[in-house]
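Line by line, the protein sequences give chains A and B.
Quick note on the numbering used here: the first sequence kicks off at 1154 and runs consecutively.
Quick note on the numbering used here: the second sequence kicks off at 43 and runs consecutively.
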Amino acid sequence: GVYRDNGVDRTERTAEFSGRDKREMQHEILTLLGLHHRPKPAGHSTTDYSAPRFMLNLYNSITSDGGIVDDGNRPQFPRNVTIENEIEPTEGSDVIMSFVNHAKKIKHLRRQRDRTFYFDFSEITPKETVARAELRLYKEKAGKWKKHKFQVQIYMIQQGDNPENYQIVTESNLTVRANYQGWLTFNLTNAASHWTYSPTTNMGLFMKIIFLKKNRDVKPEKFGIVGRKGPEYKQPFMVGYFRSTPELHVRKTR
Amino acid sequence: AAVRRRMKESAYANDDEEEQYSYTKALRRTPRRAPRQWPCQRRTLYMKFRDLGWQNWIIAPDGFKAFYCDGECSFPLGAHMNATNHAIIQTLVHLMTPYKAPSPGCAPTKLGSQSVLYFDHNYNVVLKRFPDMIVKSCGCH
């Protein structure tokens, strides 16, 4: 409905939309938001899953910092907002986006689902510049090895010489002790930029965990990396920080 | 009718719902000001996402104060909010040639941005800042 101040102390409803009016009004607001149509995500709760939780924390930090509604002078999201004591995520970005792992939907990644990741960048246009991107994995304490060091290596999967061959290229790595517990953050800015400019080259990511003392590969679950069987709020996800070019804000003629 | 209404109102004096009903009804009978009788000012328009049934994909905020500008920009402009020099000239030209030059209009002079957190089709979550979404102030242009 349409509500107006009644001139005294209340708001009263002065008109009600018909079904058609409602649809048109929704379309107007979606256009105002720069969206083509209304997203319909089913069954995802904000509080259950790791990515929405992270994003909501980020949103709350920004709003409490006074960045949610600005006076037009502030060019972008405020900088130096720290989430969970370890990252500075905003980086002056216009759009911050979390990506869910879709490895199970990709044929060549399906077999090793706890070692592989696929983040859908098809919605990202080349007009958006990747300021930063990171992969976030949750690690529990490993059952053994205690203070031994391990290297978690993230590779970008690329097409090989023929359609059935794949090759892996080092993207990021991190040395972690076996008894560490918490989120691990990997810099994937290079991969995200690559996928943004050339979406067809996105063939996913592959993870290896190397026991440095013996120089051998260990399984992610033994090292404590939470995989698909773990709790929803500890599932891996990716976060991208994008800067939009001014042209994006110009509304197209309908 | 007035007597009947008073009786009905006194009979339901303790009933909050009825009291609310008669209050609203009485307000409706009060003649409203004709539109655009007030000077140019910023007025509140609250956009509630739940009313649109969008709560399943917009995570935050619940809604936002969209605001809009409404009111008259009539001569003399001194009494009006944020009248620009251009508006004063425009008024004079309009007074001289009312059919050629339009009178100045009440429009936003300053805009702010609004951040929205929402799901997309792939269950990804987007935190996007929409510039120039919120009217911060209005004025005569």
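Backbone N, C-alpha and C define an ideal beta-carbon position, used for all residues, glycine too.
For residue j and residue i, the rounded distance between their alpha carbons
i         : j         : result
B/ALA115  : B/LEU153  : Before going further, note that residue 115 of chain B is Cys rather than Ala in the sequence given. Distance between the alpha carbons of B/CYS115 and B/LEU153 is about 20 Å.
A/GLY1357 : A/MET1309 : 6 Å
B/ILE131  : B/ALA125  : 11 Å
B/LEU69   : B/GLY181  : The pLDDT assigned to B/LEU69 is 40, lower than 50, so where the model puts this residue is not dependable, and the model offers no usable value.
A/GLN1334 : A/LYS1292 : 5 Å
B/PRO140  : A/ASN1210 : 56 Å
B/PHE117  : A/SER1171 : 39 Å
B/LEU87   : B/PHE109  : 5 Å
B/ARG171  : B/SER155  : 7 Å
B/VAL158  : A/PRO1384 : 27 Å
B/HIS183  : B/THR133  : 10 Å
A/ARG1176 : A/GLU1169 : 13 Å
A/LEU1212 : B/ASP93   : Checking the displayed sequence, the identity of residue 1212 of chain A turns out to be Tyr instead of Leu. About 22 Å.
A/LEU1183 : A/SER1346 : 27 Å
A/ILE1259 : A/ARG1173 : 40 Å
A/ASP1314 : A/HIS1301 : 38 Å
B/ASP174  : B/TRP80   : 25 Å
A/PHE1359 : A/GLY1377 : 17 Å
B/LEU137  : A/LEU1186 : 39 Å
B/VAL177  : B/LYS107  : 9 Å
A/MET1208 : B/ASN98   : 16 Å
A/GLY1245 : A/ILE1215 : 12 Å
A/LYS1297 : A/LEU1188 : 49 Å
Any chain A beta carbon closer than 8 Å to residue i
i        : result
B/ARG92  : no
B/ASN124 : no
B/TYR165 : yes
B/LEU137 : no
B/PHE109 : no
B/ARG84  : no
B/ILE101 : yes
B/ASP112 : no
B/ASP162 : yes
B/PHE172 : yes
B/SER116 : no
Min CB distance residue i to chain B below 8 Å
i         : result
A/PRO1389 : no
A/LEU1288 : no
A/ALA1345 : no
A/ARG1285 : no
A/PHE1230 : At A/PHE1230, the pLDDT of 48 sits below 50, so the modelled position is not reliable; the number obtained from the coordinates is stated separately. Output row for A/PHE1230: interface = yes.
A/MET1250 : yes
A/LYS1193 : yes
A/MET1447 : Outside the displayed span of chain A (1154 to 1407) sits residue 1447 of chain A, for which this structure offers no information.
A/ILE1259 : no
A/MET1360 : no
Short CB-CB distance (under 8 Å) between residue i and chain D
i         : result
A/TYR1212 : Absent from the structure: chain D. Protein chains present are A and B.
Contact under 8 Å by Cβ, residue i with residue j
i         : j         : result
A/TYR1319 : A/HIS1255 : no
B/ASP104  : B/ARG85   : no
B/ASP162  : A/PRO1192 : yes
A/SER1251 : A/ALA1284 : no
A/LEU1288 : A/LEU1327 : no
A/ARG1264 : A/LYS1257 : no
A/PHE1390 : A/VAL1253 : yes
A/LYS1280 : A/SER1397 : yes
B/LEU184  : A/ILE1362 : Past the boundaries of the shown model lies residue 184 of chain B; chain B is included only from 43 to 183, so the question cannot be answered.
A/PHE1322 : A/GLN1311 : It is worth fixing the name first, because residue 1322 of chain A is Val in this sequence and not Phe. Yes, these two residues count as a Cβ contact at 8 Å.
A/ALA1286 : A/GLY1380 : no
A/ALA1295 : A/ASN1332 : yes
A/ASN1368 : A/PHE1274 : no
Beta bridge counterpart(s) of residue i as assigned by DSSP
i         : result
A/ARG1285 : A/TYR1394
A/GLU1385 : Paired residues: none, contrary to the question.
B/PHE109  : Per DSSP, none; premise fails for B/PHE109.
B/ARG84   : B/CYS111
A/PHE1252 : A/MET1391
The ligand SAM heavy atom lying under 7 Å from the CB of residue i
i        : result
B/SER145 : Of ligands this structure carries none, so the ligand SAM is not represented either.
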